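Each residue of the sequence shown is one higher than the last, beginning at 370 in our numbering. Built from N, CA and C at the ideal position, the CB exists for glycine as well. Predicted model, so just to flag it, every value in this text is computed and none were measured.
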Amino acid sequence: MLSRLLQSSTLGDLFALYGVQAANYLFSLLTLPYLARFLGPEAFGLLAMAQAYGAWVALFVEYGFNLSATRTAARFREDRQALRALLGNVLLARLLLAVLASLLTLLFRPLLGPLAGEGALLLSALFWGSVLNLPPFFLFQGLERLRSLALLEVAAKGVALFLVLLWVRSPADAPKVLFLQGLASLLTGGVALALASRWVGPPLATPKGVGEALKEGWSLFFFRLAVSLYTTGNTFLLGLFVPPQGVALWAGAERLTKALLGFVEPVNRAFFPRFAHLGKAPEVRASLGRQVFLAMLLLGFLGGLAVYAFAPVAVQVLLGPGYEGAIPLMRILALLLPLIALSNFLGVQWMLSQGLDYPFNTVIFLAGLGNLVLVLLLAPRFGTLGMAYSVVLVEAFVTGALFFYLWIRGGLPWQRKGS
Numbered sequence: 370m371l372s373r374l375l376q377s378s379t380l381g382d383l384f385a386l387y388g389v390q391a392a393n394y395l396f397s398l399l400t401l402p403y404l405a406r407f408l409g410p411e412a413f414g415l416l417a418m419a420q421a422y423g424a425w426v427a428l429f430v431e432y433g434f435n436l437s438a439t440r441t442a443a444r445f446r447e448d449r450q451a452l453r454a455l456l457g458n459v460l461l462a463r464l465l466l467a468v469l470a471s472l473l474t475l476l477f478r479p480l481l482g483p484l485a486g487e488g489a490l491l492l493s494a495l496f497w498g499s500v501l502n503l504p505p506f507f508l509f510q511g512l513e514r515l516r517s518l519a520l521l522e523v524a525a526k527g528v529a530l531f532l533v534l535l536w537v538r539s540p541a542d543a544p545k546v547l548f549l550q551g552l553a554s555l556l557t558g559g560v561a562l563a564l565a566s567r568w569v570g571p572p573l574a575t576p577k578g579v580g581e582a583l584k585e586g587w588s589l590f591f592f593r594l595a596v597s598l599y600t601t602g603n604t605f606l607l608g609l610f611v612p613p614q615g616v617a618l619w620a621g622a623e624r625l626t627k628a629l630l631g632f633v634e635p636v637n638r639a640f641f642p643r644f645a646h647l648g649k650a651p652e653v654r655a656s657l658g659r660q661v662f663l664a665m666l667l668l669g670f671l672g673g674l675a676v677y678a679f680a681p682v683a684v685q686v687l688l689g690p691g692y693e694g695a696i697p698l699m700r701i702l703a704l705l706l707p708l709i710a711l712s713n714f715l716g717v718q719w720m721l722s723q724g725l726d727y728p729f730n731t732v733i734f735l736a737g738l739g740n741l742v743l744v745l746l747l748a749p750r751f752g753t754l755g756m757a758y759s760v761v762l763v764e765a766f767v768t769g770a771l772f773f774y775l776w777i778r779g780g781l782p783w784q785r786k787g788s
């Protein structure tokens, strides 16, 4: 099944997405050491905390549409009018959510810890988070036009890198980083919207359609929010218990570790719409699922070994003096790569493509609550090491719980007869 599929456009899409990840990895190799050295541990730590807050804003604006709208577009890819309405309704919903996120930020600013006194940095994080998910990339994924998406993403990252290298020179320039990255996303998002409108027609939105889109995306937004409690949100939470220098060590270790997860993400993005499209062909879907599962397991295992083995070299070369404390953190976080690779397949690709949102969200919600408890217990006492152990334990719970749920229901790919 996989060999036949890879002879189709999916192979080209997969290669295109791996090209994006290779470019992202190259951009990270240039951006991370540049910022770590020019900003220094304190400003870099504050920037990491601001980026974590901006990621929460981006999650709020994205609202799960990258999954729910992708799933809808995959199912109605032949219905141009339905796609036009989907495009307009999701874009208007995201604009409204961006306005709401801005108002909430102003209202709750006093509760944002060190960021409350960093007005320019907080404003740039709000801008970056608000525009990051405005482009209609869900339509590119649903229609499996991922090569066009790949070109746009590489262009956005390339423009952002150029602007950062041009204008960021000292710790005082930290607010410029997220603003410039947001500006690059906004420019490429305009191109993405123009392409999407060319394919399906001008966006068409109605109040009823916006409401339906929000209702459809709610459960997946809930999932994204719960995930953030033990992923991107951890950097922000850590900043409430340790000084900015400690946040810098955590952020450096986490980014270097999770950079290799980028080589798992193309499999997610290429096969999620395919699994959704194969919903009426369970045997074919199961056969493909078994092979993708093995591919994800292999990629995650090799990535974890690479992180553990090369952690000292990566920290020395990419982060530089003052960041040696990131090495033990990276070696703990290496366990995340196989765990996340498997949980992404079992949860995102397999369960969500079948519409099993409720059980998946239940597991993720429990994981988010568990992470909060562990962080409150471990981070104040053990600092960054406590955070690292908390993240690994929670991800192990997610992977195990998803596997167990599918197993008792007979829903794993190899529990079905495939072709």
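- Message: Are the CB atoms of Gly-689 and Arg-406 within a distance shorter than 7 Å?
- Response: In the sequence shown, the residue the question calls residue 406 occupies position 37. In the sequence shown, the residue the question calls residue 689 occupies position 320. Contact: yes.
- Query: Are there three or more Cβ pairs, one per stretch, closer than 8 Å when the region 567-576 is compared with the region 449-460?
  - Reply: yes
- Identify which residue in Leu-629, Gly-580, Val-616 has its Cα closest to the Cα of Gly-608. Translated into positions along the sequence shown, residue 608 becomes position 239. The shortest Cα separation from Gly-608 among Leu-629, Gly-580, Val-616 belongs to Val-616.
- Query: How big is the Cα-Cα spacing for Ala-485 and Leu-398?
  - Reply: Numbered from its first residue, the sequence shown carries residue 485 at position 116. Numbered from its first residue, the sequence shown carries residue 398 at position 29. Straight-line Cα distance between these residues: approximately 30 Å.
- Item | Touch test, the region 534-541 against the region 465-484, Cβ-Cβ under 8 Å, three pairs minimum | no
- Task: Below 6 Å CB to CB, which residues in the same chain sit around Gly-694 once its five sequence neighbours on both sides are set aside?
- Result: Within the sequence shown, numbered from 1, the residue matching residue 694 stands at position 325. So the list reads Leu-618, once near-sequence residues are dropped.
- From Val-661 to Phe-591, what distance separates their C-alpha atoms? Numbered from its first residue, the sequence shown carries residue 661 at position 292. Numbered from its first residue, the sequence shown carries residue 591 at position 222. Cα to Cα, the separation comes out at about 26 Å.
- Query: Do Leu-715 and Glu-764 have their CB atoms nearer than 7 Å?
  - Reply: What you label residue 715 is simply residue 346 of the sequence shown in a count that begins at 1. What you label residue 764 is simply residue 395 of the sequence shown in a count that begins at 1. No.
- Whole-angstrom Cβ separation of Pro-544 and Ser-493, contact assumed at under 8 Å? Along the sequence shown, read from residue 1 onward, the residue named residue 544 stands at position 175. Along the sequence shown, read from residue 1 onward, the residue named residue 493 stands at position 124. About 4 Å separates the two Cβ atoms, so the contact holds.
- Message: Measuring CB atoms only, is the region 515-529 touching the region 440-449, in the sense that at least three cross pairs come out at less than 8 Å?
- Response: no
- Item | Contacts around Gly-769, its chain only, beta-carbon distance under 8 Å, and the 5 residues preceding and following it disregarded | Along the sequence shown, one-based indexing puts residue 769 at 400. Cβ within range, chain order: n/a, list empty.
- Message: In this structure, how does DSSP classify Gly-482 when only helix, strand and coil are distinguished?
- Response: Translated into positions along the sequence shown, residue 482 becomes position 113. In this structure, Gly-482 counts as helix in the three-state DSSP scheme.
- Message: I need the straight-line Cα distance from Val-742 to Asn-730, nearest angstrom please.
- Response: For the purposes of this step, residue 742 is identified with residue 373 of the sequence shown, where counting begins at 1. For the purposes of this step, residue 730 is identified with residue 361 of the sequence shown, where counting begins at 1. Cα to Cα, Val-742 sits roughly 18 Å from Asn-730.
- Message: On a Cα-Cα basis, can you pick out the residue from Val-611, Ala-620, Ala-561 that is closest to Leu-747?
- Response: Position 378 of the sequence shown, counted from the first residue, corresponds to residue 747. Of Val-611, Ala-620, Ala-561, the residue nearest in Cα terms is Val-611.
- Query: Taking one C-beta from the region 547-565 and one from the region 576-591 each time, how about it: are there three or more such pairs within less than 8 Å?
  - Reply: no
- Does the count of Cβ pairs from the region 725-739 and the region 651-668 closer than 8 Å reach three? no
- Task: Determine the closest residue to Thr-557 out of Gly-527, Val-546, Val-468, with distance taken between C-alpha atoms.
- Result: In the sequence shown, counting from the first residue as 1, residue 557 sits at position 188. The shortest Cα separation from Thr-557 among Gly-527, Val-546, Val-468 belongs to Gly-527.
- Message: Quick check: the Cα distance between Thr-672 and Leu-594, rounded to an integer number of angstroms?
- Response: Translated into the one-based positions of the sequence shown, residue 672 becomes position 303. Translated into the one-based positions of the sequence shown, residue 594 becomes position 225. First, the amino acid is wrong: residue 672 is Gly here, not Thr. Roughly 26 Å between the two C-alpha positions.
- Query: Comparing alpha-carbon positions, which option in Glu-411, Leu-401, Leu-395 lies nearest Pro-613?
  - Reply: Here the question's residue 613 lines up with position 244 in the sequence shown. Cα-wise, what sits closest to Pro-613 is Glu-411.
- Message: Once DSSP output is grouped into helix, strand and coil, what is the label at Ala-529?
- Response: The residue given as residue 529 occupies position 160 in the sequence shown. Ala-529: helix per DSSP, three-state reduction.
- Item | Selected residue, minimal CA-CA separation from Leu-463, among Ala-703, Phe-640, Phe-434 | Counting from one through the sequence shown, the residue named residue 463 turns up at place 94. Reading off the sequence shown, one finds Arg at residue 463, where the question assumed Leu. Of the listed residues, the one whose Cα sits closest to Arg-463 is Phe-434.
- Message: Please return the same chain residues whose Cβ sits closer than 8 Å to the Cβ of Arg-700, not counting the five positions on each side in sequence.
- Response: Working through the sequence shown from its first residue, we reach residue 700 at position 331. Answer for Arg-700: Val-676, Tyr-677, Ala-680, listed in chain order.
- Task: Please check the pair Leu-416 and Leu-428, which I expect to be a contact at CB under 8 Å, by giving their CB distance rounded to whole angstroms.
- Result: The sequence position of residue 416 within the sequence shown is 47, counting from 1. The sequence position of residue 428 within the sequence shown is 59, counting from 1. Actually they are not in contact, since the Cβ atoms of Leu-416 and Leu-428 sit about 19 Å apart, beyond 8 Å.
- Task: Compare the beta carbon distance of Ala-438 and Phe-507 with 7 Å and say whether it is the shorter of the two.
- Result: The residue given as residue 438 occupies position 69 in the sequence shown. The residue given as residue 507 occupies position 138 in the sequence shown. Result yes, Cβ atoms of Ala-438 and Phe-507 sit closer than 7 Å.
- Using 10 angstroms around the beta-carbon of Arg-750, count the other beta-carbons present and answer buried if the total reaches 16, otherwise exposed. If you number the sequence shown from 1, residue 750 lands on position 381. Flag for Arg-750 reads exposed.
- Task: Use the C-beta contact count for Arg-643: other C-beta atoms within 10 angstroms, 16 or more gives buried, fewer gives exposed.
- Result: Within the sequence shown, numbered from 1, the residue matching residue 643 stands at position 274. Classification of Arg-643: buried, given that the 10 Å Cβ count is 16 or more.
- Task: Would you kindly work out how many angstroms separate the C-alpha atoms of Gly-551 and Ile-777, rounded to a whole number?
- Result: As a position in the sequence shown, residue 551 is number 182, starting the count at 1. As a position in the sequence shown, residue 777 is number 408, starting the count at 1. Their Cα atoms are separated by approximately 44 Å.
- Message: Using C-beta distances below 7 Å, list every residue in its chain close to Leu-555, excluding the 5 sequence neighbours before and after it, in chain order.
- Response: The residue labelled residue 555 in the question sits at position 186 within the sequence shown. Counting only Cβ-Cβ distances below 7 Å, and skipping sequence neighbours, we find Val-500.
- Query: Where Ala-710 and Phe-396 are concerned, what is the direct C-alpha to C-alpha distance, given to the nearest angstrom?
  - Reply: If you number the sequence shown from 1, residue 710 lands on position 341. If you number the sequence shown from 1, residue 396 lands on position 27. Cα to Cα, Ala-710 sits roughly 23 Å from Phe-396.
- Query: To the nearest angstrom, how far is it from the Cα of Val-717 to the Cα of Tyr-774?
  - Reply: Counting from one through the sequence shown, the residue named residue 717 turns up at place 348. Counting from one through the sequence shown, the residue named residue 774 turns up at place 405. Distance between the alpha carbons of Val-717 and Tyr-774 is about 14 Å.
- For Tyr-758, the first and last residue of its enclosing alpha helix (DSSP H): Indexing the sequence shown from 1 puts residue 758 at position 389. 726-777 is the span of the alpha helix (DSSP H), which, as asked, contains Tyr-758.
- Within the same chain, show all residues whose beta-carbon is closer than 7 Å to that of Leu-371, passing over the 5 residues directly before and after it, in chain order. Working through the sequence shown from its first residue, we reach residue 371 at position 2. Because Leu-371 sits at a pLDDT of 46, beneath the cut-off of 50, its placement in the model cannot be relied upon, and the point is left open.
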